[in-house]
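As you go down the protein sequences, you meet chains B and E in turn. The first sequence lines up with residues 1 to 247 when you count with this note's numbering. The second sequence lines up with residues 248 to 576 when you count with this note's numbering. The beta-carbon is built from N, C-alpha and C at its ideal position, and this holds for glycine as well. Nothing here was measured: the structure is a model prediction, and the numbers come from that model. Everything below concerns the one structure shown next.
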Amino acid sequence: MKRTTAYLSLFALPAALALSVPASAEITLDTPEVGYNALEIRISRFNPEIDEEFDGASPYDDTFDGARPYNLEIEYDRQFYEGIGSLGIGVNIGYNRIRGNARTLDGEDSPDKTRLLVVPTRLSAVYRFDELPQNYNIPFTFVFKVGLDYAFWSIGDAEGQTAEVPTENGDPISGRGGTAGWHASAAVHLLLDWFSPNMAQSFASNVGVVDSYLFVEFMTSQVDDFGSSTSWNLSQQQLWVGLAFEF
Amino acid sequence: MLAVAAWLGMPTIASAQFQVTTAEVLDLELEDGNTDTSNSRYTLNIRDCATAVEDNQEITFRWTFNVSAPSSTKYAIKLQPPGATCTFSTTTIDGDQENCRLIAASDDLNGTSVSLDITIQNLLGFSDSNACLTEGVTSGEYIMGIIYTNPNDTTAGDDANDFVNEPIEVTLRLSRPDAPTLDEVSAGESTLSASWTSNVESIDEYLVFYSTTEFAEGTIPEAVSGSTSSALATSIDISSGLSVNRTYYVGVVNVDEYGNRSPLSNVLDVQTAPTLDFFEEYLSAGGVEQGGYCSAAPPGDSVPPVAALVLLTLFSAHRRSRRHDGGAE
Chain B
1 MKRTTAYLSL FALPAALALS VPASAEITLD TPEVGYNALE IRISRFNPEI DEEFDGASPY
61 DDTFDGARPY NLEIEYDRQF YEGIGSLGIG VNIGYNRIRG NARTLDGEDS PDKTRLLVVP
121 TRLSAVYRFD ELPQNYNIPF TFVFKVGLDY AFWSIGDAEG QTAEVPTENG DPISGRGGTA
181 GWHASAAVHL LLDWFSPNMA QSFASNVGVV DSYLFVEFMT SQVDDFGSST SWNLSQQQLW
241 VGLAFEF
Chain E
248 MLAVAAWLGM PTIASAQFQV TTAEVLDLEL EDGNTDTSNS RYTLNIRDCA TAVEDNQEIT
308 FRWTFNVSAP SSTKYAIKLQ PPGATCTFST TTIDGDQENC RLIAASDDLN GTSVSLDITI
368 QNLLGFSDSN ACLTEGVTSG EYIMGIIYTN PNDTTAGDDA NDFVNEPIEV TLRLSRPDAP
428 TLDEVSAGES TLSASWTSNV ESIDEYLVFY STTEFAEGTI PEAVSGSTSS ALATSIDISS
488 GLSVNRTYYV GVVNVDEYGN RSPLSNVLDV QTAPTLDFFE EYLSAGGVEQ GGYCSAAPPG
548 DSVPPVAALV LLTLFSAHRR SRRHDGGAE
C-alpha cells in the first residue's frame, strides 16, 4: 500500500509541473514528416523477486545485503499505425550488475565477492495516447506497453569466473542462462516542448528531435519462464523515470 | 639596456655569464620519488642504500656549465659527510673540519663540464650493506660541492666573491617508521581481508605481507619472504595468489615518504576455506533454477529467445508517415 502511494505520488509530479506553467503557454507538437521513432532513456531500481521462491530463505538479500542498485535502460520505439493515438513496437535493453560477499559455510559474510549480472531485453507493443497535446493543449501523453521479456543473466564466483555448481551426477550447473517472461506498463509523459516552445523548435531544427518528454512509468514484469518449475523469478515491480525523444 | 631590448622584442647579444646549468648524479638508481634532479638532491632510503652499497655502484657527479670555462679557471671538489663541516668558499681544506674530504684540488677547469666518478662505498665510507638495513650507520647528508674561481669577480683582492660553489646533496634516510598494529584478518576461499591501525603520521602507504610460511613480529621487512600487496587505506582485500584450505600468516608495515618500511607488525594467521557464491547460496537454499538458455525449462513450459527474430520481422514493416500535415506516405 505504501509502495503504491509512493508510485502515485510520482505520477503526480509531471502534473504539478504542468500546472505551474502559465495557462497561456502554447503547445507546439511537432511531428516528423516520414516515419516516427522514439528513444527512451530511463532509470529505476533493480529489485528482482528471486527470494519469493523460498519459504523463509533469502539468498538474494543475504548475499547482496538487500541492495537495490540503480539500473539504466534504453528503449527504441517505432510507430506503424496512427489513429486515435498511435501503435508501434519497441525494443529495450538494460544492464544490472550487483556485487555482494560470498557466504561462508556458517552463513557469514566472507571477503570473497560474488556478482549477479542481468541484461534484460524486451519486445513491446506500444500504444501512445497523444490526443491531449494534439487537440486540447494539455501536455500529457499516456503510453501503455505490453510484451515479452528475455533476461540474460550470469553469476560470478569468488574468482571472478562464471559460477559452476557441481551436481551428484558429475555435470556441473553453469551459473548463466536466460529467463523469459512478459511485462505490462503504463506511463505518463509530460511534453517538455510546452514549457519552452522556442527551445523545442530549435531542438527540432538543429538536432531533429521533434518532441521531448519527461516521463514516469510503472511496469510490472513476470520473468520466470512463464511459471516454469525449473526457473527462478526475475520478476519486478518497477517505477521508471526517464526522458523520451521523438524523432 | 638588455632588458629594454628584450622588452622591445629585439635580439640581444651579450656575453653569457659562466655558470653551472646542471649539477647531477648519474647512474645512481633510486626508488621512485627519491630523485630530485632540479634541486640536485638524491635521497637513499634503506633499500636504496643496501642495494647501492652491496653492488658498490660507481656513480658520477657531473656539473655542466653553460659555456666553456674561461682560461685559467680553477676548481676543487669537496665532500662533506655527515658531521663534518666544509668551507665551500675556498679550494683548499684549510680551516675545514678534519672529516671534510678534498676530492680534487686546484685543477684546471676546461670545457663545459666536470665529472667525478666515485663508488658508493667510497662516497659513504662503509662497505657493509647490512649497516643500511639495521641502522648501523646514521642518517645524514653527503654534500659534494664543486668550488671554482669566479670569472665574473671584478673586485680586487681576496673576498667572498672569489669562488663559486655548486653543491650536490646525497642524503641517507635510514630511519624506519614505527610499525602499525594489525587488528583483524579474515579469509574466504580466494580472498584475504586485513585491517590495521597506524599511529604514525606522514605515512605514504602500507605494505601487507602474506605467506604460508610463518614470520615474526618485528622482523625487518627486507628479511621477510612472502607476497606483498600495497594499500593506501588501513584495510585491504587481497585476491591474488591464494589457495583454498591453507593457513596464511599476515603482517603489515608502514611505508614513509622516502619508501622506508617499518618493522613488521604483529602477525595474525587465517585459514582460507570454501565459500558459497550467489548461485551456490541460491541452490543450497533449495532454488530450482538450473541455468542455461532454452533447454532448462520443460518443453512447452518456456519461451525460446526469439526476440531477435520477432524484431527483425516487425521492423521489416514498411515505414509510414505520422498523422501530420504534409506527411508523406
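Contact list for residue i against chain B, beta-carbon separation under 7 angstroms
i	result
residue 540(E)	177, 178
residue 521(E)	105
residue 532(E)	54, 57, 59
Three-state class that DSSP yields for residue i in the structure shown
i	result
residue 138(B)	coil
residue 247(B)	coil
residue 201(B)	helix
residue 525(E)	helix
residue 284(E)	helix
residue 434(E)	strand
residue 586(E)	The structure shown does not extend to residue 586(E), since chain E is modelled only from 248 to 576, so the question has no answer here.
residue 159(B)	coil
residue 355(E)	strand
residue 531(E)	helix
residue 153(B)	strand
residue 331(E)	coil
residue 304(E)	coil
residue 250(B)	Past the edges of chain B, shown from 1 to 247, lies residue 250(B), and the structure says nothing about it.
residue 206(B)	helix
residue 277(E)	coil
residue 368(E)	helix
residue 326(E)	strand
residue 179(B)	strand
residue 21(B)	Residue confidence for residue 21(B) is low, a pLDDT of 45 falling below 50, so the modelled location carries little weight and cannot support an answer.
residue 421(E)	coil
residue 511(E)	coil
residue 427(E)	coil
residue 461(E)	coil
residue 414(E)	strand
residue 544(E)	At residue 544(E) the pLDDT is 42, less than 50, meaning the model places this residue with poor confidence; the figure from the coordinates comes in the next sentence. Reduced to three states, the DSSP call for residue 544(E) is coil.
residue 120(B)	strand
residue 470(E)	helix
Assigned exposure category for residue i - 16 Cβ within 10 Å defines buried
i	result
residue 408(E)	exposed
residue 225(B)	buried
residue 556(E)	No answer about residue 556(E) holds up, because its pLDDT of 46 lies below 50 and its placement is not dependable.
residue 206(E)	A question about residue 206(E) goes unanswered here, because the residues of chain E that appear run from 248 up to 576.
residue 219(B)	buried
residue 237(B)	exposed
residue 111(B)	buried
residue 371(E)	buried
residue 385(E)	exposed
residue 393(E)	buried
residue 160(B)	exposed
residue 73(B)	buried
residue 391(E)	buried
residue 480(E)	exposed
residue 84(B)	exposed
residue 120(B)	buried
residue 450(E)	buried
residue 328(E)	buried
residue 139(B)	buried
residue 150(B)	buried
Closer than 7 angstroms at the beta carbon, the chain E residues around residue i
i	result
residue 111(B)	433, 434, 435, 438, 439, 440, 484
residue 159(B)	437
residue 38(B)	In chain order: nothing, as chain E lies at least about 11 angstroms away.
Chain E residues whose Cβ lies nearer than 9 angstroms to that of residue i
i	result
residue 200(B)	What residue 200(B) touches in chain E: nothing, since even the nearest Cβ is about 15 angstroms away.
residue 116(B)	525, 526
residue 119(B)	Those within 9 angstroms of residue 119(B) in chain E number zero; the least Cβ separation is about 12 angstroms.
residue 41(B)	Per Cβ cutoff of 9 angstroms: no residues; residue 41(B) is ~19 angstroms from chain E at best.
Contact set between residue i and chain E, taken where Cβ atoms lie within less than 8 angstroms
i	result
residue 62(B)	528
residue 184(B)	Simply none; closest approach about 16 angstroms.
residue 141(B)	Under the 8 angstroms cutoff, chain E gives no residues; its nearest Cβ is about 13 angstroms from residue 141(B).
residue 93(B)	Within chain E, no residue comes near residue 93(B); the closest Cβ sits about 10 angstroms away, beyond 8 angstroms.
residue 100(B)	525
Presumed contact (8 angstroms Cβ cut-off) between residue i and residue j, rounded CB distance
i	j	result
residue 379(E)	residue 306(E)	16 angstroms between Cβ atoms; not a contact.
residue 273(E)	residue 281(E)	Contact flag wrong, Cβ pair sits at about 15 angstroms.
residue 509(E)	residue 425(E)	6 angstroms
residue 153(B)	residue 176(B)	7 angstroms
residue 537(E)	residue 230(B)	5 angstroms
residue 359(E)	residue 344(E)	Wrong, their Cβ atoms sit about 32 angstroms apart, outside the cutoff.
Beta carbon proximity, residue i to chain C, threshold 8 angstroms
i	result
residue 223(B)	Considering every chain present, this structure includes no chain C. Its protein chains are B and E.
Could you pull out every unbroken beta strand (DSSP E) segment of at least 3 residues lying fully inside the stretch 31 to 87 of chain B, listed in chain order?
37 to 45, 70 to 83
Would you list, in sequence order, the uninterrupted alpha helix (DSSP H) runs of no fewer than 4 residues that lie entirely inside the stretch 369 to 399 of chain E?
377 to 380
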